[in-house]
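Trainee: For the sequence shown, the UniProt record's numbering puts the final residue at 867, and the numbers step up evenly by one.
Each residue gets a CB set at the ideal place from its N, CA and C atoms; glycine is no exception.
To start, I am sharing the structure in question, which I have written as C-alpha cells.
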Amino acid sequence: MVGKRQKLSKKLAKKYTLHRKYYSDTVSEYSSLNPFQRTKKSDKYAAISEKVNAQNQRIKELEEKQEQEELKQEIGGDVDTLYEVGPSSYDLLVKSSQDKLKLRLKQLEEQEKIEKKLQKNNKKRLYSNINQENNNNIDEDNDEDNDEDNDEDNDEDNDEDNDEDNDEDPNLNDQEDDFEVEKEEEEEEEEEEEEEKEEEREEEEGEEEEGEEEEEEEEEEMEGEEKEEDIEEKELNGEEEEEEEDDDDEEEENNEKDFQDVYGNKNEIEEEEEEEETKKLLEKLKKSELFENTNNNGIYNIHFNKDISSKEEMNKLLLKSKNLESVSEEIQDIGIITSTGCIDYNNSNDDINNNLEDQKKKKKSNLPKLKNTFHEYDIKKRLYKPWLKSKTKKENELYFTNLQKNLFPIFNEYRDLLYTEETMKNHKSIFKLYALHAVNHIFKSKDQLSEDNALINECRKLKKPEPDLRHQGFTRPKVVIVVPFRNTAFEIVRFILKLVPHELKDQVENKTKFNNEYTQFDQDQEINENKPDDYKYIFRDNIDDCFRFGLSFRKGGVKLYSTFYHADIIIASPLGLRLVIGTEGDSQRDFDFLSSVEVLIIDQIDSIQQQNWDHINVIFENLNKTPNQDHNIDFSRIRNSSLEGLSNNLRQTLLFSSNLTPEINSIFNQLNNISGKIKIKKIQNGEITNIVPSLRQTFHRLYLDSNDDSKIRFNFLIDNILPKFIQQGENNGILLYISNFFEFTMIRNYFRKEAKSYVICSEYTDPKAVTRARSQFKEGAKTIMLFTERFHFFNRYHIRGIKHVIFFGLPQNSHFYSEILNMITENDGSIISLYTKKDKMALERIVGTQRSYKMLESEKPTHLFSN
C-alpha cells in the first residue's frame, strides 16, 4: 500500500486539471500545482495570483506612459508636471457620509447592547430580592411550627411551596409597580426644585425690572418737559414741509436734474433750533448723569483729533508707519492676517520704553488686540442692550461670533481692512458688525460736538475766552456705506434701527416709505430653485442697483431720506453716487458732501465688479476733497488736517469681497491711513477639487512682452488653439469663456469677419436670442459659443452640449470655473486655460496656493491636471 499512488475521482481530477491549466503559465508552475499536496496548494495559488496582479500593474503603467506621450504630442510641447488632483469633492462627500452612517450604526448597536445588559441586571436583582424575602418567610414559619408533627410539617411545607410557585408573577408585578412609583416621586421632587429655582429667578428679574422702571420714570420726567417743545417744532416743521413740497414741484417742472436728496430746502433757522435743542438736551443729560464724556475717548480721540497743521507733520507719521515691518499670523477658521504700518497706540510715546527688545517690537507692525467688554472697546452704553437683544447665543461677554471677535478690533482701531473671504454664510454677521461700528462712530462724534458746544456756551456765560476746539469737518456726513443692491441696504437699515436706543425707536420718520421702496420687487423675476445657493442669496428680493439716501440721528428719532448735507450716514449704490458726483463737464454735479467722510465701507465688491468698476474709481477720486462751496461752515471749528487737505490720511476704509482681484488690490495699495492697514485671506485649496467629471485640464502660461496681455492671448488663440481643434476634427461643442467685455468684442469682430460658425451669450444679448443660441449650440448647428462672465453671473443658465472649454482668461469668480466644467456630461472633453502673471490671484483660487506658486516659478509654460 505504501508504494501505490493515491487515486482521485473523475470530478476532482477534472477540477484540479482545470486549475492547473488556468493558473500556470510555465512548466514549473504546472508541476507545483500538484493535487496530492493539498496542504500547500492555497499558498501556491496566492503566490501565482500575486504574479498575475504584478503583470496587470505593469500593463497599466505602460498604458499611462503611452497616454502621456500622446498628450505631449497633441499639446505640441513638454508638460512640466502631470498633477493628480485626486478624488473630487463629490466623491469625498459620499465617502464621508458613508463613514458617518457606519459610525452611527456602530453607536446604535453599542447602545442596544448596553440597554440589554441593564435590563438583564435589573431582572436578576428583582429575582434575587424576591427569593430572599420568600426564604425569610419560610424560616419564620418553621420556627413557629416546631411543636407540630412531622407529617403536618411536610404537608404545610408542600402547600407553601405550591403557593410560592403560583404567586411568583404577582410579586414581580408588585415590585415593578413600586419601582415606577419611586421614579415618579423622584421626578416630582426634581420638578418642584426647578419650580423653586424659577421663582427665585423671577424674583431677581422683578427686582431688576423695578430698578429699570424707576430709571425709565426718571427719563420720562426729563422728557416730559421736552414734549411741549417737540409739538411746537412739529407744527413749525409741518408748515415748512408744505412750503418745501410746493417749491419742489416748481423746481421739478423747471429742471429735472435737481438733486433733492442731496440739497433739500432746509432753512438755516432750523439748524439754529436744532443746536439750541442739543444744548438743552446736553444740560439735562449732565444733570441726570447719563452723559458720556468723549473728550478722552481712547483711540477715536488719538486718531481723529491729532493736531496736524502741515503736510510735513503728516508725512512724518506716514513714514513712521511705512518703516514698520509687516507681520502675519494665521488664525484658525479666519485666515492669515497681515498687518502693515499699524502703530501701537498704547505705547505711542518714544520715551516710555528704552529697552532694546521693546524698540525691536516697536519696529514691527502691530496686530489687532482682542478685548473682552464693551467698555474696553469704547462702545457706547446706549448700544449695549440693543446689541444683546439682536443676538441669540452668548459665545462671550460681547455676544460676538468668532469672526466678529477678530474683525471688530480692526474696526475699533481705525485700521484699513481688506477681507476677501466673505460668503453668503458670514455676510450677515459682517454687515451687522460694521453697522454697529458705524453707529458707534456717529455717537462718538455727536457727543464730542455737543460737549464742545457746552464748553463754549459756559465760557460765553462766564465771559471767558473761548477754547480752540477743532473736532469736526467741512460737512456733516461721516460714514458712507456702498452696497450693490437695495436688498442689502434694506437689511443694514433695519438692523441700524434695532441698534438705535429704545427711546428713539418709535419715532422713525419715513419708515413706511422706505419699506415700500426697498422691499417691493418684480414677481415675474422669481428665482428658480435649481439655481446655486449664492445666486439665490445675491439676487433675493429687490435687486435695483440705482439708489441713495441719507440717515440722520436726531433727538426725536432716526430720520430716513435726510438730505446729504444734513445726514450722518449715507447708504448708496455705486451708480446712485456716480449720478450725483458726475464727471467733468456735467452741468450739475456735486461731491462736497464727501469732503468729511471718516469711515468708508464697501461691501460685496465681487458683485460691484460685475456692474461697473469705473463708478468705484470715480468715488475714490472725489473723496475728502476741499469743498467748492460754503455750506454754512464754521471754519473756527474745523480740524487743521481738513483745512490742509489731509483728511484722506485719517479716513478708515473697509473693503469686503469673496475674492481678491487686481482692481481691489490696487485700490487697497493706494490707501494711506496713518493707522495702517490689515489684509485677511485664506490659503486656497483650489476650485479644481470641486469638479465632478474626470477631465484633463491644460493651463498655458503666456509671456508678456508688453502691458497688453489681451492681444497676446488673442494671437495664441487664433494661431495655436483653434487650428488644432480643426485638424483633430473636434470643432463642435466648443465654449469660449471670456471674462472681459473688451476682449469679447475683439473676438466677436474676428469671428464675424472670418464667417465662423458661432453663437453669442453675453449680458447685452436679447433673451429670445439667448434661447435660440442655446438650442443651436446643443443640437450642433453652431460649433462655438462666445460666453461672457457677466452673462453667467446674472443668469446662471445650464448650457447643454459642451464638449470642450477654452478659458480665454481665468474667471474672477473662482466657483464659476467648477460650475462651467460640471456642465460637461462626457469625460473625453478637453479644458484649455490661458493665463499670464497678471492672473496670479485668479490662478491661486482655481488650482490652489501651493500649485500656483510652482506653476508661476516653473520654466515650462504648460501644465496639465487630471482627476
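Buried or exposed for residue 476, going by 16 or more other Cβ atoms inside 10 Å?
Mentor: With 16 or more Cβ atoms within 10 Å of its Cβ, residue 476 is classed as buried.
Trainee: Do the CB positions of residue 434 and residue 411 come within less than 8 Å of each other?
Mentor: Yes.
Trainee: Out of 372, 469, 316, point me to the one whose CA is closest to residue 301's CA.
Mentor: Here the closest residue by C-alpha is 469.
Trainee: Could you tell me if residue 419 is buried or exposed, where buried requires 16 or more neighbouring beta carbons within 10 angstroms of its beta carbon?
Mentor: Classification for residue 419: buried.
Trainee: Mind checking which residues open and close the beta strand (DSSP E) that includes residue 433?
Mentor: Careful: residue 433 lies outside any beta strand (DSSP E), inside the alpha helix (DSSP H) at 427-461.
Trainee: Could you pull out every unbroken beta strand (DSSP E) segment of at least 3 residues lying fully inside the stretch 738-765, listed in chain order?
Mentor: The stretch 738-765 contains these whole beta strand (DSSP E) runs: 758-761.
Trainee: Specify the secondary structure class of residue 812 as computed by DSSP and reduced to three states.
Mentor: In the structure shown, residue 812 sits in coil (DSSP, three-state: anything other than H, G, I, E or B).
Trainee: Per DSSP, what kind of secondary structure is residue 415 in: helix, strand or coil?
Mentor: Reduced to three states, the DSSP call for residue 415 is coil.
Trainee: Within 10 Å of its beta-carbon, does residue 342 have 16 or more other beta-carbons around it, so buried, or fewer, so exposed?
Mentor: It counts as buried.
Trainee: Buried or exposed for residue 483, please, with buried defined as at least 16 other CB atoms from any protein chain shown within 10 angstroms of its CB.
Mentor: By the 10 Å Cβ count, residue 483 comes out buried.
Trainee: Below 8 Å on the Cβ atoms is my guess for residue 552 versus residue 659; work out the distance and round it to an integer in Å.
Mentor: Actually they are not in contact, since the Cβ atoms of residue 552 and residue 659 sit about 35 Å apart, beyond 8 Å.
Trainee: Taking residue 329 as part of the beta strand (DSSP E), name the residues at either end of that continuous run.
Mentor: Note, residue 329: beta strand (DSSP E), 327-331.
Trainee: Which of the three DSSP states is assigned to residue 561 in this structure?
Mentor: It is a strand residue.
Trainee: Reducing DSSP to helix, strand and coil, say where residue 319 ends up.
Mentor: Helix.
Trainee: From the DSSP output, in three-state form, read off residue 898 for me.
Mentor: As shown, the chain starts at 1 and ends at 867. That puts residue 898 outside it, with no answer to give.
Trainee: Rounded to whole angstroms, what's the CA-CA distance from residue 50 to residue 43? Just pull it up for me.
Mentor: Between residue 50 and residue 43, the C-alpha separation is close to 11 Å.
Trainee: Spatial neighbours of residue 474 within its chain, please: C-beta separation below 8 Å, excluding the five flanking residues on both sides.
Mentor: Excluding sequence neighbours, residue 474 sits near 592, 595, 596, 626, 627, 631, 633, 638, 642.
Trainee: Quick check: the stretch 448-457 against the stretch 707-724, are there 3 or more CB pairs under 8 Å?
Mentor: Taking 8 Å as the limit for Cβ pairs, the verdict is that the stretch 707-724 does not touch the stretch 448-457.
Trainee: To the nearest angstrom, how far is it from the Cα of residue 367 to the Cα of residue 373?
Mentor: Taking the straight line from one Cα to the other gives about 19 Å.
Trainee: Under the three-state reduction of DSSP, which class applies to residue 593: helix, strand or coil?
Mentor: DSSP places residue 593 in helix when its eight states are reduced to three.
Trainee: What are the start and end residues of each continuous beta strand (DSSP E) run of 3 or more residues lying completely inside the stretch 804-849, in chain order?
Mentor: DSSP runs (the beta strand (DSSP E)) wholly in the stretch 804-849: 804-807, 830-835.
Trainee: Give me the Cβ distance between residue 869 and residue 321, rounded to the nearest whole Å; I'm assuming they're in contact under 8 Å.
Mentor: What is shown of the chain runs 1 to 867, which leaves residue 869 out entirely.
Trainee: Less than 8 Å between the beta carbons of residue 487 and residue 540, yes or no?
Mentor: In contact: residue 487 and residue 540 (Cβ atoms closer than 8 Å).
Trainee: How big is the Cα-Cα spacing for residue 661 and residue 654?
Mentor: Distance between the alpha carbons of residue 661 and residue 654: 16 Å.
Trainee: CB residue 812 to CB residue 762, shorter than 8 Å?
Mentor: No; because the gap between Cβ atoms is not below 8 Å, this pair is not in contact.
Trainee: Return the CA-CA distance between residue 752 and residue 786, expressed in angstroms with no decimal places.
Mentor: For residue 752 and residue 786, the distance between alpha carbons rounds to 12 Å.
Trainee: Give me whichever residues DSSP pairs with residue 886 in a beta bridge.
Mentor: Residue numbering for the chain in the displayed model covers 1 to 867; residue 886 lies beyond these limits and cannot be assessed.
Trainee: In terms of alpha-carbon separation, which member of 799, 722, 725 lies closest to residue 760?
Mentor: Selected option, being the one with the closest Cα: 799.
Trainee: Give the DSSP-derived three-state secondary structure of residue 408 in the structure shown.
Mentor: Note: residue 408 maps to helix in three-state DSSP.
Trainee: Any idea if residue 375 is buried or exposed, counting beta-carbon neighbours within 10 angstroms, 16 or more meaning buried?
Mentor: Exposed, by the Cβ-count rule.
Trainee: Mind checking whether residue 678 and residue 417 have CB atoms under 8 Å apart?
Mentor: For residue 678 and residue 417, yes; Cβs fall inside 8 Å.
Trainee: In its own chain, which residues sit with a C-beta less than 8 Å from the C-beta of residue 575, not counting the 5 before and 5 after it?
Mentor: Cβ neighbours of residue 575 beyond the five flanking positions: 545, 546, 611, 612, 615.
Trainee: Determine the closest residue to residue 691 out of 816, 557, 305, with distance taken between C-alpha atoms.
Mentor: Closest by alpha carbon: 816.
Trainee: Please go through the same chain and pick out, in chain order, the residues whose beta-carbon is closer than 8 Å to the beta-carbon of residue 327, but skip the five residues on each side of it.
Mentor: Excluding sequence neighbours, residue 327 sits near 338, 339, 364, 365, 366, 367.
Trainee: Spell out the partners DSSP gives residue 550 in its beta bridges.
Mentor: Answer is 562, 570, bridged to residue 550.
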